[in-house]
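Asker: Protein chains in written order, with numbering that gives the first Met the number 0: chain R, 0 to 327; chain Z, 0 to 707; chain Y, 0 to 382.
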Amino acid sequence: MALYIFKRCLFVIPTLIAISIVSFAIINLPPGDYVDRLVAEGKNRGENMSEEQIAGLRTVYGLDRPITEQYIRWISDIVLRGDFGDSFRWNLPVSTLIGERLLLTVALSLSTLFFIWIVAIPIGILSAVKQYSIWDYVFTFIGFIGLAIPNFLIALALMYVSFKYLGQSVGGLFSPEYLDAPWSLEKVLDLTSHIWIPMVVLGTAGTAALIRTLRANMLDELRRPYVVTARAKGLSELRLIIKYPLRHALNPFVSSLNDVFVNLVSGGTIVAVVLGLQTIGPLLLEAFRGEDMFLAGSAILMMSMLAVMGTLFSDLLLAWLDPRIRLR
Amino acid sequence: MSSGSENLLDVRNLQTHFVTDDGVIKAVDGVSFSIPRGKTLCVVGESGCGKSITARSILNVVDPPGRIIGGDILFRPEAGREINIAKLDPRGKDIRAIRGKDITMIFQEPMSSLSALHTIGDQITEVILLHMHTSKQEARQLAINALRKVGIPRPAEMIDAYSFQLSGGMRQRAMIAMALVCEPKLLIADEPTTALDVTTQANMLDLIRDLQRDMGMSVMFITHDLGVVAEIADDVAVMYLGTIIERGSVDEIFTDPKHPYTRALLRSIPKLSIGGIGRGRLDAIRGMVPHPLNRPSGCPFHDRCDFAVAGICDQIKPPIVTFSDEHEVACLLYDKENPLPVNQQTVDQEPAVEANFRQPHSSDEVLLEVNDLKMHFPITSGLFNRVVGQVKAVDGVSFLVYQGETLALVGESGCGKTTLGHTLLRLYDPTAGEILYTQENAEVDLAKLPKNRLKRYRREIRMVFQDPHASLNPRLPVIEIIGEPLKVNGLAKGRALEKRVTDLLQKVGLRPEYIHRYPHAFSGGERQRIGIARALAPYPKLIVADEPVSALDVSIQAQILNLLKDLQAEFGLTYLFISHDLSVVAHISDRVAVMYVGKIVEMADTSTLFEQPHHPYTEALLSAILHPDPKTRNDKNRIRLEGDVADPSFDHKGCAFHPRCRYRQEKCETEVPALRQTADGHFAACHFAEELHLKGVQTIAPDEILTR
Amino acid sequence: MADAQTSTDTIAVSPETRNKDRGVVVANQWKLMWRKFRKHRLAMIGGIATIGLYLVVLFVEFLAPFPPDAYAANFTYAPPQTLHLFDNTPEGLRFQPYVNGYIVEIDYNAGRRNFVIDPETKYPVGFFVQGEPYRLLGLIEMDIHLIGPINQGDPMYLAGADRLGRDMLSRTIYGTRVSMTVGLIGVTFSLFFGILFGGISGYFGGVTDNFIQRMIEFLQSIPSIPLWIGLAAAIPAAVPPVQVYFMITLILALFSWTGLARVVRGRFIALKTEDFVKAARIDGCSSLRIIFRHMVPSFTSHIIAVVTLAIPGMILAETALSFLGVGLRPPVVSWGVLLQEAQNVRSLSQAPWLFLPGLYVVIAVLALNFLGDGLRDAADPYT
């Protein structure tokens, strides 16, 4: 087991390096750099910069160096000093901008994950055990619909309904008075009272998908010989289902967890934009629009790292759950 | 029939049906039998006859859509207490108290019948905690004791093992421990030895029999293997299409079978007999078990029965005729009120067997010469797939195949016999060695031939596969499947190809009209015939037959063996026949090579090898054969091999067999014995081949078979 | 002697095959799949809906009453009209379709115009009427539209109007073309990559396989939408819309081929060890013949199913990107681009019909999911 954990953790390192390269490559893809943009903005205001000024700016931002050197500087600052660079746009350290939002992204993703589990597991079991019952059909239908509606549409619809009929906006993770307030118990409570809407919106597709996965897994497992063995022992149906088929069905469920988590981080971006959440997503979009390269790069890096950590966690969970991985 | 009151179990007119979209499958259709206390009832039948469903019905654990729809299952745990299991709620408390405590079950596949995610101990203590009032500590101790009792070494450690960490035999032992830990009154064993090797099977039967004697329980044993029946049964019930067509004591069934099906079944299995080794045709039952949705009216067996009388057997449901207290037959032949217009004489007379005792066919012409052939597979591990070892599946094998003979390769699973067959056909590229094939008096080394020059030899060396379902491409019709080697080799096309395929179909006993059908329209036996036709298509010389009958039912097995023999005689074919079944091998082969862990340990002509083996492993294998004759049971001299087949990835210092060999000496642990000639035409890889006086097979004189 | 014996003991017409429908025994895999697929009612409905949507794609110009960019500033956020099929004429109730006109009320408090349906004004509407000229399928010059106002210039907003008074119905129909083909073309791209890499991985095995597998794992472990945003943002503003369209589909395909590659590889490896493939080798078939005659037909059906199930993901992704404003750009009309109009809650509350393209997204995704599920279940008719 220890060896497995070690190996699995070791594997994260090349992944992270690859992610950092990809992130850096993407933020350098757009033609022109931040200085070009400044120059253009200056032109619009009627200020013309001299060649020296431009070159000077490039030196200040380090944009005159070869691309590999820029990358190495960027990544070594992050790794060695925890310095993610400054946002050109906000003139603030990226870490300041991202810090709290990262925390909120994690909170939102995790709470959504638990929401999905709490809803999907019992429904999945019920659908499988009572296959072809009315409940099975109802949940299968709901599941299909849940998969088919993009979550930003649900968010929009929710906002429309609350605006039209309740006369208020449902966006955001905090009430206005807590938005810039320092963290306190009240702020956390305020967060919990707001987080459930994005949680439900974001969790719909995942819940629908997991119900279907679990149902299919359970149906497979319910026909296995070990179920007959357990029944022939005299176990009651409920205990039997929980101890054997459910336990077996949870393995592929856990291994699909990383997909779910990645999708949450990924899909959260759009929902956050629609609902105006204080997570990384909207910041990322802004940064790309403004060619704010360090901010964008760090945001992508952070989100990818989050996903990688989620994947690592689900793999370790699976190894803990499944002796066949642990002991072989 | 013994008067029921003191029997442990009386089943009366049990009916278990499956309602499907295509119709109602009457898997168990009015079955009645009894199991006396402390006795063993064997339920025997071919696949699909409903024997497993009968077993599961007794605990009412049939998977949906199956359901008991009628009949009684009277269970008497103690004298004076009677429970009708069929009438209990299948999920209720009462039946759950019986399951796992009074009546327990073991299954064919211990791997899938045990949960891989729970330890053995967890699954055993679960039963104890359910049915006995003990603490967890006591339960664990009881479980350890149970494991010890079934012969699992180091039970205190093994209790925390997972099923996938155990070998097949050990898993089945754990399963038995789980079934017996609450000391049941009745153990239902559903083909518990079918998935095991012969040597392991023999050990397992011993174990069940010993435990039964010690605990005084009854056993209901489901099997398709008449050898197992002869070994273990007190009473026998023969099932066919959901009904019991004959039942009686084991002696009555084997010495005086009444039902034509029972008789045919007994005749269709190859038997070892002195004069008969390797010779003669088998009496196959024609046709096949029909699909349960197409159950024939009247007697279910009538369309395969040699004695069936049109207008009677296909109309009237046969009544049960009682011969003795315990011997009952469901056949119209014996119906006293309406006797069939057949006299008893014809019934007793066996159908004429063709006198086809041909001489050993082998000539001196060598067709194939294999020299020191090796096939090693690398074992990789780690992130970068480093090679950390070699599985030596075939490790230095040499032998000759003579023109026109049948050479059998026998051995237990994992001995490398299938890999050897595949390597000869160059499905793998051998690691080392030569495969010299003689063609028109010139030899070619197939082992080193580049792939593009193999084609013409692949025409002459063909293969028949074990699994008739996997070996035919489901997406091609029969004409394309059989015609493929003709087309690819440019032997025929268009009309000529169609003609050739039609001829081949007839040769293998299939109707030429089937030419445009797809494989899914055929049964297992028919598919195997198609596979044989494909092998025959490009006029081959040598056919490697890899366990061609082991996936088939007994009655179908006889048909295919006969077909193979007929084709050999007609086309002068040479066979390399790979099998684990020694009775089949004795029946079909001229010479036999025994393999153990990638090496040939003994090779001789069939009768010599069976009568005077020169290798202890061969002796043990022969000793593990279960004869379909209750007289040979309880053989005190039977050799029991302990332990498992050696690991082929391990570098063996001495003889690979020595840890299990009862004759081992110091030399065996240090020196690898070479395969050497120990007598004329007899080869063995044992240091002491000449000094040991090994025991051959328990032979039965031919006239003893089916004596009444 | 062999013949005599075999003919009696073996000519075995199994009753099983005898009683079966004669067609089944000679049915090839596609026929068997069709038999199985037909039983799946939802899949049939999904299939029909999918075909319908792609027919819309082909005949957009004919089906849409107006061009997508025809605007009328007077009709900003005009609500949907009801299409009346029958009218009370002097001769009695006749089939004479019409729509009612609008009365504009100006809400001074809110500072906006409100449209009220005016039952008095009637604009005759006809089927197969003349309208804007177009080329059907890019070939045939026509000016007939399925439905439209008989007098060109009459207002007809069956599904309401948007901010610039453009007909939502026409725009949604035009959006179908882009959104549905994005899925199809994107899937074609990812099919290409998937088969290429999956095939290489499965065929060569070893180090190559290992490398490709690690690459796939990596791609699957990073969140796609942030990367899509990054890549899409990198497309310069000056790039013409058609190129943007192809670049976006390529970006989408960049992350979705991994699933397909895994399927292809898995099938390839499983099939390589199948007995019937070994048999084909023994028959003397060349590698190419083995692959194309014996292996590929065994997994095409699975591939088709997986591909069908991948299309909805593509459609959703395109919609999401365009919705965020980093995907397709106007004047290209896709469902996502149209939904961008609905981003603002205020405009939504004023004109809820802006949701219409969302409904189409849901219908398309549902239909393709049902169809794909049915195909997947029918993909292996032999189990």
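Don't be surprised by glycine CBs; every beta carbon is placed ideally from N, CA and C.
Just so we're clear, the structure is a prediction, and the values are computed from it rather than from any experiment.
Considering only DSSP beta bridges, list what THR15 (chain Z) is partnered with.
Answerer: Reading the second sequence from its first residue, position 16 is the one you call residue 15 (chain Z). According to DSSP, THR15 (chain Z) bridges with Z:VAL27 and Z:ILE67.
Asker: Please list, in chain order, the chain Z residues whose beta carbon lies closer than 8 Å to that of VAL25 (chain Y).
Answerer: For the purposes of this step, residue 25 (chain Y) is identified with residue 26 of the third sequence, where counting begins at 1. By Cβ distance, chain Z contributes PRO476, HIS515, ARG516, TYR517 and ALA520.
Asker: Does DSSP put MET287 (chain Z) in a helix, a strand or coil?
Answerer: Taking the first residue of the second sequence as position 1, residue 287 (chain Z) is located at position 288. MET287 (chain Z) sits in coil when the DSSP states are folded into three classes, being neither helix nor strand.
Asker: Could you tell me whether the Cβ of PHE217 (chain Y) comes closer than 8 Å to any Cβ of chain R?
Answerer: Stepping through the third sequence from its first residue, residue 217 (chain Y) is reached at position 218. Yes - at least one Cβ of chain R is within 8 Å of the one on PHE217 (chain Y).
Asker: Below 6 Å CB to CB, which residues in the same chain sit around PHE251 (chain R) once its five sequence neighbours on both sides are set aside?
Answerer: As a first step, residue 251 (chain R) is located in the first sequence; it is residue number 252 there, counting from the start. Just to set this straight, residue 251 (chain R) is Pro in the shown sequence, not Phe. ASN216, listed in sequence order.
Asker: Between which two residues does the beta strand (DSSP E) holding PRO255 (chain Z) run?
Answerer: Position 256 of the second sequence holds residue 255 (chain Z). According to the sequence provided, residue 255 (chain Z) is Asp. The question's Pro does not apply to it. Segment: none, ASP255 (chain Z) is in no beta strand (DSSP E) and carries neither H nor E.
Asker: Just list the residues that DSSP pairs LYS486 (chain Z) with in beta bridges.
Answerer: One-based indexing of the second sequence puts residue 486 (chain Z) at position 487. Paired residue(s): none; LYS486 (chain Z) is not in a bridge.
Asker: Report buried or exposed for HIS132 (chain Z), applying the criterion of at least 16 other Cβ atoms within 10 angstroms of its Cβ.
Answerer: Along the second sequence, read from residue 1 onward, the residue named residue 132 (chain Z) stands at position 133. Burial call: exposed.
Asker: Determine the direct distance from the alpha carbon of ALA319 (chain Y) to that of PRO239 (chain Y), and round the result to whole angstroms.
Answerer: What you label residue 239 (chain Y) is simply residue 240 of the third sequence in a count that begins at 1. What you label residue 319 (chain Y) is simply residue 320 of the third sequence in a count that begins at 1. In a straight line, the C-alpha of PRO239 (chain Y) is about 21 Å away from that of ALA319 (chain Y).
Asker: Quick one: is ARG357 (chain Z) buried, meaning 16 or more other Cβ sit within 10 Å of its Cβ, or exposed?
Answerer: By 1-based counting over the second sequence, the position of residue 357 (chain Z) is 358. Because ARG357 (chain Z) carries a pLDDT of 41, less than 50, the predicted location of this residue cannot be relied on, and no value is offered for it.
Asker: Pull up the distance between the alpha-carbon of ALA260 (chain Y) and that of PHE143 (chain R), whole angstroms please.
Answerer: Taking the first residue of the third sequence as 1, we reach residue 260 (chain Y) at position 261. Taking the first residue of the first sequence as 1, we reach residue 143 (chain R) at position 144. Roughly 25 Å between the two C-alpha positions.
Asker: Measure the CB-CB distance between LEU201 (chain R) and VAL261 (chain R) and report whether it falls below 8 Å.
Answerer: Taking the first sequence and counting its residues from 1, the one referred to as residue 201 (chain R) is at position 202. Taking the first sequence and counting its residues from 1, the one referred to as residue 261 (chain R) is at position 262. VAL261 (chain R) sits away from LEU201 (chain R), with the two beta carbons spaced by 8 Å or more.
Asker: Put PHE5 (chain R) into one of helix, strand or coil per three-state DSSP.
Answerer: Residue numbering aside, residue 5 (chain R) sits at position 6 when the first sequence is read from its first letter. In the structure shown, PHE5 (chain R) falls within a helical segment according to DSSP collapsed to helix, strand and coil.
Asker: Please say whether GLY530 (chain Z) and SER578 (chain Z) have beta carbons closer to each other than 8 Å?
Answerer: Numbered from its first residue, the second sequence carries residue 578 (chain Z) at position 579. Numbered from its first residue, the second sequence carries residue 530 (chain Z) at position 531. For SER578 (chain Z) and GLY530 (chain Z), no; Cβs fall outside 8 Å.
Asker: Could you name the residues of the region 262-276 of chain R whose beta carbon sits closer than 9 Å to any beta carbon of chain Y, in the order they occur along the chain?
Answerer: ASN262, LEU263, VAL264, SER265, GLY266, GLY267, THR268, ILE269, VAL272 and VAL273
Asker: Between Y:ALA77, Y:ALA233, Y:SER189 and Y:ALA378, which has its C-alpha nearest ILE215 (chain Y)'s C-alpha?
Answerer: What you label residue 215 (chain Y) is simply residue 216 of the third sequence in a count that begins at 1. The candidate whose alpha carbon is nearest that of ILE215 (chain Y) is Y:SER189.
Asker: Closer than 8 Å is the cut-off here; do at least three beta carbon pairs connect the region 88-97 of chain Z with the region 26-34 of chain Z?
Answerer: no
Asker: Once DSSP output is grouped into helix, strand and coil, what is the label at ALA354 (chain Z)?
Answerer: Walking along the second sequence from the start, residue 354 (chain Z) turns up at place 355. Low local confidence applies: a pLDDT of 37 at ALA354 (chain Z) is under 50, so the model's placement there is unreliable, with the coordinate-based value given in what follows. DSSP places ALA354 (chain Z) outside both helix and strand once states are collapsed to three, so it counts as coil.
Asker: Spell out whether any CB of chain Y is found under 8 Å from the CB atom of ILE240 (chain R).
Answerer: In the first sequence, residue 240 (chain R) corresponds to position 241, counting from 1. No, no contact with chain Y.
Asker: Compare the Cα-Cα distances from GLU99 (chain R) to each of R:THR310, R:PHE10, R:MET301 and R:PHE312 and report the closest residue.
Answerer: Indexing the first sequence from 1 puts residue 99 (chain R) at position 100. Minimum Cα distance to GLU99 (chain R) is reached at R:MET301.
Asker: Quick check: the Cα distance between LEU107 (chain R) and PRO244 (chain R), rounded to an integer number of angstroms?
Answerer: Working through the first sequence from its first residue, we reach residue 107 (chain R) at position 108. Working through the first sequence from its first residue, we reach residue 244 (chain R) at position 245. If you take the alpha carbons of LEU107 (chain R) and PRO244 (chain R), they lie about 31 Å apart.
Asker: Find the residues of chain Z that neighbour PHE275 (chain Y), judging by a C-beta separation of less than 7 Å, and give them in chain order.
Answerer: Here residue 275 (chain Y) is taken as the residue at index 276 of the third sequence, counted from 1. Within 7 Å Cβ-Cβ: ALA469, SER470, LEU471 and ASN472.
Asker: Which residue marks the beginning of the alpha helix (DSSP H) containing PHE398 (chain Z), and which one marks its end?
Answerer: Counted from its first residue, the second sequence places residue 398 (chain Z) at position 399. Premise fails: PHE398 (chain Z) lies in the beta strand (DSSP E), 385-401, not in any alpha helix (DSSP H).
Asker: What's the gap between the Cα of ARG165 (chain Y) and the Cα of LEU374 (chain Y)?
Answerer: Counting from 1 along the third sequence, the entry for residue 165 (chain Y) is found at position 166. Counting from 1 along the third sequence, the entry for residue 374 (chain Y) is found at position 375. Rounded to whole angstroms, ARG165 (chain Y) to LEU374 (chain Y) spans 39 Å at the Cα level.
Asker: Quick check on this structure: which residue in Z:LYS316, Z:ALA229, Z:VAL393 and Z:ARG147 has the alpha carbon closest to the alpha carbon of PRO429 (chain Z)?
Answerer: As a first step, residue 429 (chain Z) must be located in the second sequence, where it is residue number 430. Minimum Cα distance to PRO429 (chain Z) is reached at Z:VAL393.
Asker: State buried or exposed for ILE133 (chain R), treating a residue as buried only when at least 16 other CB atoms are found within 10 Å of its CB.
Answerer: Taking the first residue of the first sequence as position 1, residue 133 (chain R) is located at position 134. With fewer than 16 Cβ atoms within 10 Å of its Cβ, ILE133 (chain R) is classed as exposed.
Asker: Let me know the secondary structure DSSP gives ARG675 (chain Z) once reduced to three states.
Answerer: On the second sequence, residue 675 (chain Z) is found 676 positions in, with the first residue counted as 1. It is a strand residue.
Asker: Do ALA158 (chain Y) and THR175 (chain Y) have their beta-carbon atoms positioned less than 8 Å apart in this structure?
Answerer: Residue mapping note: residue 175 (chain Y) aligns to position 176 of the third sequence, counting from 1. Residue mapping note: residue 158 (chain Y) aligns to position 159 of the third sequence, counting from 1. No, Cβ-Cβ distance for THR175 (chain Y) and ALA158 (chain Y) is not below 8 Å.
Asker: By DSSP's criteria, ASP166 (chain Y) is part of a beta bridge. Which residues make up the other side?
Answerer: Within the third sequence, the letter at position 167 stands for residue 166 (chain Y). Partner(s): Y:ALA160.
Asker: Just to check my reading of the structure: SER246 (chain R) and LEU116 (chain Z) have Cβ atoms closer than 8 Å, yes? What is that Cβ distance to the nearest angstrom?
Answerer: Sequence index remark: in the first sequence, residue 246 (chain R) carries index 247 (1-based). Sequence index remark: in the second sequence, residue 116 (chain Z) carries index 117 (1-based). As written in the sequence, residue 246 (chain R) is Arg, which differs from the Ser given in the question. Rounded, the Cβ-Cβ distance is 6 Å, consistent with contact.
Asker: Since TYR76 (chain Y) is in the beta strand (DSSP E), which residue starts that stretch and which ends it?
Answerer: Here residue 76 (chain Y) is taken as the residue at index 77 of the third sequence, counted from 1. Element bounds for TYR76 (chain Y): n/a, residue is neither H nor E.
Asker: Which of the residues in the region 301-318 of chain Y, read from start to end, lie with their CB under 7 Å from any CB of chain R?
Answerer: Listed by position, the residues of the region 301-318 of chain Y near chain R (Cβ gap below 7 Å) are LEU315 and THR318.
Asker: Count the other C-beta atoms from every protein chain shown that fall within 10 angstroms of the C-beta of PHE203 (chain Y), then say buried if there are 16 or more, exposed otherwise.
Answerer: In the third sequence, residue 203 (chain Y) corresponds to position 204, counting from 1. By the beta-carbon neighbour count (other beta carbons within 10 angstroms, threshold 16), PHE203 (chain Y) is exposed.
Asker: Under 8 Å, Cβ to Cβ, is there at least one residue of chain Z near TYR136 (chain R)?
Answerer: Walking along the first sequence from the start, residue 136 (chain R) turns up at place 137. False, the Cβ-Cβ gap to chain Z never drops below 8 Å.
Asker: Which residues, in order along the region 143-160 of chain R, keep a beta-carbon less than 8 Å from a beta-carbon of chain Y?
Answerer: PHE143, ILE144, LEU146, ALA147, ILE148, PRO149, PHE151, LEU152, LEU155, ALA156, MET158 and TYR159
Asker: Just the Cα atoms here: how many angstroms apart are ARG455 (chain Z) and GLY432 (chain Z)?
Answerer: Walking along the second sequence from the start, residue 455 (chain Z) turns up at place 456. Walking along the second sequence from the start, residue 432 (chain Z) turns up at place 433. Taking the straight line joining both Cα atoms gives about 21 Å.
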